[in-house]
Structure formats: structure tokens, C-alpha cells
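Chains as they are written, first to last, in my numbering: chain W, 43 to 181; chain D, 2 to 394; chain A, 212 to 355.
Right, dumping it as C-alpha cells:
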């Protein structure tokens with residue numbers, strides 16, 4: 043699949059999933075597409091449906107009400123799909139550790155390929171994450 | 002008459018957050034609307050009872066990322082209201098400056114998203130490009146682009162260095178010039194007028210009945226604004242206008258927000274002028290909060306944020322209630338969505354500038370883990386012991 | 212005469228346990244007088260309902276309403292004490308203030324308080340919740 047991954051890395055289509063975030067990571071993700079940190083020059087595009095996506099960007103603590111929906115979204119996505127978890131909320135639940143409404147561990151809900159920590163992660167950190175992903179795909 | 006239902010959500014290309022609407026349509030016209038929320042529920046009020054007062058300021062910041070200074074300002078105002086604590090003059094100007102910069106950033110964000118929802122992507126790219134200047138100003142003042150962590154009980158945590166003020170004024174000049182251009186666009190552009198005039202009207206009486214707040218009510222002619230009605234911090238000493246418009250449709254909401262950015266920039270200039278002259282401390286150290294109740298409120302970009310604290314003399318709140326402005330603005334959809342066509346539904350739902358993560362901040366839950374009450378009791382005993390030792394010395 | 216004094220003169224035999232601070236006025240009312248006081252505050256004085264806070268104490272439940280008089284920034288906060296913790300019930304103020312619909316639904320969701328004459332009494336945030344949260348705010352609190 044080496045040649046397939048190299049073609050994929052030339053232009054990744056991204057779908058953004060908000061699983062109970064505080065919206066900060068979401069607006070930093072949208073900030074990546076605006077003229078200052080323009081990611082569209084690398085071929086990365088935001089799409090409207092998970093069935094067209096190559097990468098799923100997930101943010102937030104996964105709340106009990108949304109957990110079955112996230113599992114269903116992951117099963118609807120065409121494989122291979124890479125899941126990138128953005129923010130401290132995904133890595134370690136952040137300030138919401140004592141909440142009763144969160145799931146136990148994000149890894150049990152969907153398999154995650156890359157974590158980008160930060161509250162919120164700076165756009166430069168997210169670009170480094172994307173560059174590493176493209177590097178991994180190119181090998 | 003056949004009844005068709007169109008479900009929107011929870012995941013939709015044009016919705017930022019997860020929420021579910023069901024539109025009942027006849028042909029192309031929306032007749033009724035039903036909503037289900039609850040996907041962003043995280044449990045703030047429960048967690049906040051287990052943290053002390055200073056920790057809850059950091060917790061409360063993460064209710065929402067866009068209005069991330071409004072909640073801490075209202076929270077420290079509520080804690081200060083229990084004992085009527087006074088804050089130093091320099092801290093008042095710094096609080097108002099940070100609050101108004103956040104208002105500029107939030108309104109520019111809404112402008113970009115509104116352009117994106119009606120398919121006018123140029124407006125999106127330009128509004129967010131000028132928003133980057135505001136985020137740079139916040140980075141100069143506090144060190145972070147979004148969650149600032151600047152508020153404390155009794156003042157603010159960080160000061161503004163005199164060497165930074167010329168840089169901040171430079172960026173404000175750039176924003177003023179570009180806002181003149183955007184204000185002309187809002188006045189003259191035929192695409193915006195054709196798409197947004199007369200859509201999603203909320204009448205004057207409905208805005209009063211639903212107790213709507215913020216630009217949603219000011220665009221329907223109801224002039225409620227916490228900055229003028231309950232002045233606190235530096236707002237009693239500054240000069241600004243409250244913008245209202247009579248019609249209540251989406252176009253008026255856009256005009257109100259664009260003009261508010263221009264007013265906020267005037268307020269920021271006045272604050273920076275005063276900060277160059279007024280010197281002094283920025284924090285009034287508060288050691289204890291006596292038993293009692295306190296209410297704090299602040300005019301966030303979306304309306305009035307309300308916090309209520311009840312304390313019993315220890316270092317934790319007994320009850321901490323949060324009410325975000327979107328909580329009272331979102332039910333107005335029932336009134337403003339009747340009679341519009343399906344293609345206008347999304348821009349009407351977005352015109353109120355909803356922030357669902359603010360609306361669903363918290364719940365409390367019956368904890369069935371046995372060790373939690375004991376830990377809470379142990380930590381309260383420890384605080385009492387430390388207090389006795391401190392008072393004995 | 213200030214607005215607080217006018218209000219106090221008009222309803223002096225219906226309110227009790229007043230606490231007055233700068234800009235804030237808290238007082239207790241009975242369930243049967245709640246609608247009359249809400250009608251006076253909302254319709255005649257022109258106040259706006261900010262929200263309502265629910266709380267559980269050892270012996271009772273209480274609901275604290277917050278009405279804001281926007282001309283001067285003064286807050287009027289009537290408090291209703293509910294002694295019956297098993298089946299709490301209060302008169303709804305939705306016929307007077309339409310904005311109280313979601314506020315009362317949330318109080319029903321988390322504390323189990325029923326409101327008489329509410330047009331749409333169902334849960335708000337825990338609707339269709341997979342873990343079946345039931346009256347999450349109620350729990351045994353230790354003595355504070």
C-alpha cells in the first residue's frame with residue numbers, strides 16, 4: 043500500500059468532528075484554513091461528509107450521549123482513515139476529569155493514530171502534526 | 002395536509018457543534034421547529050463544587066472557547082459581590098480592555114461564519130484575516146491566543162507593560178481602517194441585502210416575552226445592555242453608545258454587530274490612554290470570603306452572562322450557578338423560524354450566534370463512588386485545622 | 212422612594228426573611244403568592260427574568276428566581292422553599308413569562324420538581340440519554 047499512501051499524502055481531505063468540546067480547538071482548526079496559516083496550499087481541504095474524508099479530526103471530551111454517534115461515524119468512514127485527536131481534552135480529559143458525563147478512555151471509543159496536546163494547541167503545533175502525518179505516509 | 006420532517010444534525014457540514022433540529026415543513030416553508038440538546042454536557046457545576054475559588058476561575062474559562070473571558074469576569078464579580086470587595090483602578094481598566102478585545106474577536110468570527118453559511122467565502126477569509134491581529138494583541142498582553150487566565154478575585158493577574166502600548170495602538174489603527182471598509186460593505190453590498198433582509202424576524206414584543214439578551218434583542222429595538230445598566234469595572238468612567246436597530250431580521254443583527262466592533266475599538270483606545278497615566282497595584286489580596294450569596298454579570302459578545310455563588314465561609318462554593326446568554330436566546334428560534342423557507346433556515350439559526358457549549362455547561366449527578374464524600378470531608382477538616390493554626394499564631 | 216421600598220410597601224404581608232445589599236434584594240415568598248409577585252415584577256415593573264437557581268439543603272429544596280430591573284441594574288430575587296422532598300411541586304410562571312420554559316424544564320430534569328400548568332414538561336439535557344440519568348442533582352450532602 044506504499045504507493046497508495048504516497049498519493050493520499052499529496053492531498054488529504056479532512057473532516058472535523060466535535061465530540062463535546064469547548065469550541066476553542068474547533069476555531070483553531072478553522073483558523074488553519076484562513077490566509078495566515080493557509081493549509082490549502084498543501085492540498086488539505088475541509089469536507090462536509092465523513093464518507094469523503096481521509097483524516098478525521100476529533101476534539102473534546104467524549105460525552106456519554108455522543109459516544110454511540112461517534113462509533114457510528116467511525117464505521118461510516120471509508121477505510122483507511124486516520125484519526126487525529128486534538129487538544130488536552132482528548133489526551134487526558136483536561137479539567138473535566140471529575141465529570142460524571144465523560145467516557146472512561148477515548149481509546150475505547152475509537153482507535154486514535156495521533157495526539158496533538160495543548161489547550162488549545164497553537165496552529166503551528168497542528169501544522170507540525172500534519173507534516174509528521176504526511177511524512178509517515180510517505181515512507 | 003401532509004407533514005414532512007427534515008432532521009438537521011447532530012453532525013452537519015455547516016454546524017460547528019453537535020445539535021439536533023427537526024423542521025416541520027409544508028412545501029418549502031417551515032411551520033414548526035423542535036430541538037434536542039445535550040451533546041455538549043460536561044458537568045461544570047458538579048466539578049466546581051470540588052474546587053476552591055481560584056481553581057474555579059480556570060474551570061469556568063473552559064466552558065466556552067470563544068467567550069473565554071466573559072465567564073471568568075462574571076465569576077469573580079459574583080465572588081466579590083458576596084463581600085462587596087473593591088478592586089484597584091488600574092485593574093478595572095485592564096479588565097475592560099481585555100473584555101472589549103474579546104468582543105471584537107468574537108464579532109469578527111461570527112461575521113466570517115455568517116459569510117460562510119450563505120456561501121460568500123470571501124467574507125469568511127477577510128474577516129478571519131483581520132481577526133488574527135486581535136489574537137496577536139491578546140498574545141502580547143497575556144501570552145496565549147485564547148484562554149487567557151488573567152482574572153483573579155480582587156483584581157487581575159498580569160499587568161500591561163508601558164512598552165507594549167504603542168504596538169497595541171498600531172494594531173488597533175489597522176483594525177479601524179479595515180472596519181471602515183467592512184462597514185461600507187455591509188451598507189452597500191446587494192448580495193448581503195438580498196439574502197438577509199426580511200429573513201427570520203423576531204418582533205419587539207417577542208424579544209421581551211422570551212427575555213432575549215445581547216445583539217439578538219438590540220436588533221429588535223430592545224435596548225438592554227449590562228455595561229450601561231449595571232456599570233462595573235471601568236464602564237462607568239468611559240464614553241460609548243449602545244447600538245439598536247428596529248427591524249429584528251438577520252440583516253439588522255449583522256449591522257448591530259459591525260457597529261459594535263467600531264464602538265469597542267473606541268473603548269479600547271480610551272482604556273489604553275488611561276493605562277498610560279494611572280499607576281498603582283493590580284490586585285487586592287482577598288484572604289477569606291464570608292458566608293453569603295453573590296450575583297455577578299457581564300455583557301459577553303452574545304448577551305448577559307450570569308453567575309451566582311453561595312458560600313458558607315470555607316474556601317469552596319456551596320452552589321455555583323452559571324447561565325450563559327445562549328440559554329435564553331436559543332428558544333427564540335420558535336418565534337423567528339416560523340414562515341421562512343428551508344434554504345434560509347441555517348442562516349436564521351446562526352444569526353443568534355449560538356454557543357451550545359455555553360448552554361449545556363453543567364449538570365450535577367448522583368455520585369455512586371463511595372470514596373468521594375470522604376475525600377471532601379477530609380479536605381474540609383484539613384482547611385479548618387490550617388485555619389485554627391494560622392489564627393493561633 | 213426607591214423601587215425596593217415601593218415593592219416592600221405593596222407586598223409587606225407576603226414576603227419574609229429579607230436580605231438587602233447594594234443592588235441586590237433577596238426575599239422569601241410562599242408558593243401560592245408566587246404568580247402574583249411574578250406578574251407584578253414582569254408586567255407592571257417591566258423586569259426581565261434572568262434565570263432560576265435550584266438548590267438542595269438538608270431539610271428542604273429551594274428555587275431562587277432572579278428578576279433584573281434594567282433601568283437601575285437592581286436585582287429582585289424571590290425564593291420559594293419546598294418542604295416536601297419526595298414530591299416537590301411548584302406553580303409554573305410560564306403563563307406570565309414565556310422565557311421560563313427551558314429554565315423550568317431544567318429544574319425538572321435535575322431536581323425532579325414538577326411545575327403545574329407547564330405546556331411541555333419533559334427533560335431538557337438528559338433527554339434520550341443512554342445512561343438513563345435520573346434526577347442527577349439530588350444526593351445526600353453532608354452537613355455544611
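In this text, a Cβ means the ideal position worked out from N, Cα and C, and glycines have one as well.
Return the bridge partner residues of residue i from the DSSP annotation.
i, result
"residue 323 of chain D", "D/308"
"residue 35 of chain D", "D/23"
"residue 123 of chain D", "Note: residue 123 of chain D sits in no beta bridge, so no partner."
"residue 329 of chain D", "Residue 329 of chain D pairs with nothing; no bridge assigned."
"residue 302 of chain A", "A/327"
"residue 239 of chain A", "A/227, A/290"
"residue 94 of chain D", "Answer by DSSP bridge pairing: none, since residue 94 of chain D is not bridged."
"residue 284 of chain D", "D/156"
"residue 259 of chain A", "A/279"
"residue 299 of chain D", "D/306"
My understanding is that residue i touches residue j, with C-beta atoms under 8 Å, so please give their C-beta distance in whole angstroms.
i, j, result
"residue 167 of chain W", "residue 112 of chain W", "So it is not a contact: roughly 24 Å between Cβ atoms."
"residue 148 of chain D", "residue 161 of chain W", "6 Å"
"residue 324 of chain A", "residue 272 of chain A", "7 Å"
"residue 59 of chain W", "residue 22 of chain D", "About 19 Å; that fails the 8 Å criterion."
"residue 19 of chain D", "residue 36 of chain D", "Wrong, their Cβ atoms sit about 12 Å apart, outside the cutoff."
"residue 176 of chain D", "residue 105 of chain D", "7 Å"
"residue 309 of chain D", "residue 296 of chain D", "5 Å"
"residue 102 of chain D", "residue 138 of chain D", "6 Å"
"residue 293 of chain A", "residue 245 of chain A", "The Cβ separation is near 11 Å, so there is no contact."
"residue 1 of chain D", "residue 207 of chain D", "This structure gives no information on residue 1 of chain D, because the portion of chain D shown stretches from 2 to 394."
"residue 214 of chain D", "residue 330 of chain D", "7 Å"
Quick one: what's got a C-beta closer than 7 Å to residue i's C-beta in the same chain, skipping five residues either side?
i, result
"residue 67 of chain D", "107, 110, 356"
"residue 287 of chain D", "86, 154, 155"
"residue 247 of chain D", "222"
"residue 319 of chain D", "311, 312, 313"
"residue 252 of chain A", "258, 278, 287"
"residue 337 of chain D", "201, 202, 203, 349"
"residue 4 of chain D", "25"
"residue 192 of chain D", "121"
"residue 372 of chain D", "With a pLDDT of 40 at residue 372 of chain D, under the threshold of 50, the predicted position of this residue should be treated as unreliable, and no value is reported."
In three-state DSSP terms, what is residue i?
i, result
"residue 65 of chain D", "coil"
"residue 100 of chain D", "helix"
"residue 30 of chain D", "strand"
"residue 264 of chain A", "strand"
"residue 108 of chain D", "helix"
"residue 45 of chain D", "helix"
"residue 6 of chain D", "strand"
"residue 146 of chain D", "coil"
"residue 154 of chain D", "coil"
"residue 334 of chain D", "helix"
"residue 354 of chain A", "For residue 354 of chain A, the pLDDT reaches just 34, beneath the cut-off of 50, and the residue's location in the model is therefore unreliable, leaving the point undetermined."
"residue 105 of chain W", "strand"
"residue 138 of chain W", "helix"
"residue 53 of chain W", "coil"
"residue 147 of chain W", "coil"
"residue 121 of chain W", "coil"
"residue 52 of chain D", "coil"
"residue 127 of chain W", "strand"
"residue 62 of chain W", "coil"
"residue 211 of chain D", "coil"
"residue 250 of chain A", "helix"
"residue 277 of chain A", "strand"
"residue 177 of chain W", "helix"
"residue 334 of chain A", "coil"
Is the closest heavy atom of the ligand SAH to the C-beta of residue i under 7 Å?
i, result
"residue 294 of chain D", "As presented, the structure is devoid of all ligands, the ligand SAH included, so that no description of it is given."
Within a Cβ cutoff of 8 Å, which residues of the same chain sit near residue i, ignoring the five residues on either side of it in sequence?
i, result
"residue 52 of chain W", "85"
"residue 105 of chain W", "61, 62, 143, 144, 145"
"residue 112 of chain D", "124, 128, 183, 255, 258, 259"
"residue 89 of chain W", "55, 56, 57, 95"
"residue 60 of chain D", "45, 48, 49, 52"
Once you ignore the five residues that flank residue i on each side, which residues in its own chain have a CB closer than 6 Å to its CB?
i, result
"residue 75 of chain D", "297, 298, 299, 306, 308"
"residue 322 of chain D", "309"
"residue 228 of chain A", "239"
"residue 90 of chain D", "279"
Can at least three beta-carbon pairs, one atom from the region 259-267 of chain A and one from the region 275-282 of chain A, be found at a separation below 8 Å?
-> yes
| request: Indicate whether the contact test is met: 3 or more Cβ pairs, each with one atom in the region 42-52 of chain D and one in the region 136-147 of chain W, closer than 8 Å. | output: yes
Point to revise | Three or more C-beta pairs below 8 Å linking the region 215-235 of chain A and the region 285-302 of chain A | key: yes
I want to know whether the region 238-247 of chain D touches the region 260-280 of chain D - three or more CB-CB distances under 8 Å. yes
Item to complete: Count the CB pairs spanning the region 69-81 of chain W and the region 129-143 of chain D that are closer than 8 Å, and state whether there are at least three.
Response: yes
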